[in-house]
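Since the structure comes first, as C-alpha cells, the remarks are kept for the end.
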Amino acid sequence: MELTNQQKKEITEQQSQKNTTKRVTSPELEKILYEVLPVLDHGFVRVVDYMGDDTSIVQSARVSYGKGTKKVSTDSGLIKYLMRHRHSTPFEMCEIKYHVKLPIFVARQWIRHRTANVNEYSARYSILDKEFYLPAKENLASQSKNNRQGRGDLINGKQADDVLKMLKEDAEKSYSDYETMLNERYDGTIINENKKGLARELARMNLTLNTYTQWYWKTDLLNLLNFLSLRTDDHAQYEIRAYANVMTDSLKRWVPITYEAFMDYRMGGMELSSKGKSVILKMIKGEGCDFENSKLSKREWNELMQSFGFKEKII
Numbered sequence: 009m010e011l012t013n014q015q016k017k018e019i020t021e022q023q024s025q026k027n028t029t030k031r032v033t034s035p036e037l038e039k040i041l042y043e044v045l046p047v048l049d050h051g052f053v054r055v056v057d058y059m060g061d062d063t064s065i066v067q068s069a070r071v072s073y074g075k076g077t078k079k080v081s082t083d084s085g086l087i088k089y090l091m092r093h094r095h096s097t098p099f100e101m102c103e104i105k106y107h108v109k110l111p112i113f114v115a116r117q118w119i120r121h122r123t124a125n126v127n128e129y130s131a132r133y134s135i136l137d138k139e140f141y142l143p144a145k146e147n148l149a150s151q152s153k154n155n156r157q158g159r160g161d162l163i164n165g166k167q168a169d170d171v172l173k174m175l176k177e178d179a180e181k182s183y184s185d186y187e188t189m190l191n192e193r194y195d196g197t198i199i200n201e202n203k204k205g206l207a208r209e210l211a212r213m214n215l216t217l218n219t220y221t222q223w224y225w226k227t228d229l230l231n232l233l234n235f236l237s238l239r240t241d242d243h244a245q246y247e248i249r250a251y252a253n254v255m256t257d258s259l260k261r262w263v264p265i266t267y268e269a270f271m272d273y274r275m276g277g278m279e280l281s282s283k284g285k286s287v288i289l290k291m292i293k294g295e296g297c298d299f300e301n302s303k304l305s306k307r308e309w310n311e312l313m314q315s316f317g318f319k320e321k322i323i
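First residue of the sequence shown? That's 9 in my numbering, and the numbers climb one at a time after it.
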C-alpha cells in the first residue's frame, strides 16, 4: 500500500495539530490517531475521531457528574457487569469514526451492518484509483463442501497461478475500458481531445468488485462490539476479518476496560440453549449423555462439543 505525497502531507498535518479540550481523551488511541494502519495489499484503516472512553460508560450508567467513580477497579466491575448482562445503552454513549480503504466486495459485505453512519467515495463525482485486491496464494481456497458461504481446501500450484492471473488481467482490462469510456486516465490525463467521455456514474459499472473504494464509517461502541464479534470470528470471510482484527487493536487502545470485558464475556464466552445446558450439567454430574438422547441437532451437538473441547463429534 502506497500513499501519495499529498496524502502523506495531509496525515502529517492532522497529526501535528495541537488542540486543547475539556473532554475525556484516550492516551493510547491518541498515539495512533490519523495513522494509516495497512490491511490486505492496498487497504488501510485510520481512526480519525472518537468521543468518550471507559469512564464515559460508567458515567452514563450511573447518570453522574464528571468522570464518575475514580477507582479503576470499581469502574471495571461495573463495565464487566454491564457486558455480562448485556446492558446496551451505556456503551452507545461512546463513538468512533474510521477512514477505511477496502475492496468493493468487502464494502458490500460490511454495509450489511446498518447501524453506522457511512459516507463513501463517490465514483459519480471522482475517478476511482487504479488499485485492485489480489489475494495471497495462502488465501485461495475451493468452495467448502459443508458451508455454502465458506472456503474449503487450499488451491495450489498451477491452478492458483491461473486464478491470480485471471483476477489481475480481468481487473486491468476492466479498468482500461473504464478509462476509455471516460476518455480520461485516473491521473486526469485526457485520452482523446476530440472525444466525449461517458458519464462517470455509467462508466463505473464496468469495474470489477476487487477495485478499491474508501469511506468514512462512524458508529457507537455498542455496534462496534457487535461488528467485531461477528467479523473477527473464524467463520467470517478472511478479507473482512483482516479489517476487524486491526480495528480490535484500536478498541483495546480506546477503551481498555471494555476491551477486556468484551474479550472475556463476548469473544471468550458462549451462549447455551436450555438443551445444551442440560447436556453439560449431566456431564458434570457424571451422568450418561450422548447425541441420541441430547435432543440437539447434529450441528448444535458438534458446536457444543467443540466449545468445551470434547471429542464426541457426530459426522
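Where is the CB? At the ideal position from N, CA and C, for every residue including glycine. Predicted model only: the values in this text are computed from it and were never measured.
- Closest in alpha carbon position to Leu238, among Ser282, Trp118, Arg92, is Trp118.
- Residue burial annotation: Gly160 is exposed, with fewer than 16 other C-beta atoms found within 10 angstroms of its C-beta.
- Look at Phe318 here: in three-state DSSP terms it is coil, with no helix or strand label.
- Distance from Thr240 to Leu136 at the Cβ level is roughly 28 angstroms; contact not present, criterion being Cβ atoms closer than 8 angstroms.
- Along the region 212–271, the alpha helix (DSSP H) occurs as fully enclosed runs of 4 or more residues at 229–239, 246–262, 264–269, listed in sequence order.
- In the three-state scheme derived from DSSP, where H, G and I count as helix and E and B as strand, Arg92 is classed as helix.
- For the alpha helix (DSSP H) assignment, the uninterrupted runs of no fewer than 4 residues enclosed by the region 288–319 are, from N- to C-terminal side, 299–302, 306–315.
- In the DSSP assignment, Gln151 forms a beta bridge with Arg159.
- In the DSSP assignment, Met189 falls within the unbroken alpha helix (DSSP H) covering 165–190.
- Pro111 has its alpha-carbon roughly 43 angstroms from the corresponding atom of Thr82.
- Counted as a single uninterrupted DSSP element, the stretch harbouring Arg274 is not any beta strand (DSSP E), since DSSP gives it neither H nor E.
- The alpha carbon of Met9 has as its nearest neighbour, out of Lys39, Thr28, Ile19, Leu45, the alpha carbon of Leu45.
- Glu10 sits in coil when the DSSP states are folded into three classes, being neither helix nor strand.
- Here the alpha carbon of Gly51 sits roughly 21 angstroms from the alpha carbon of Ser184.
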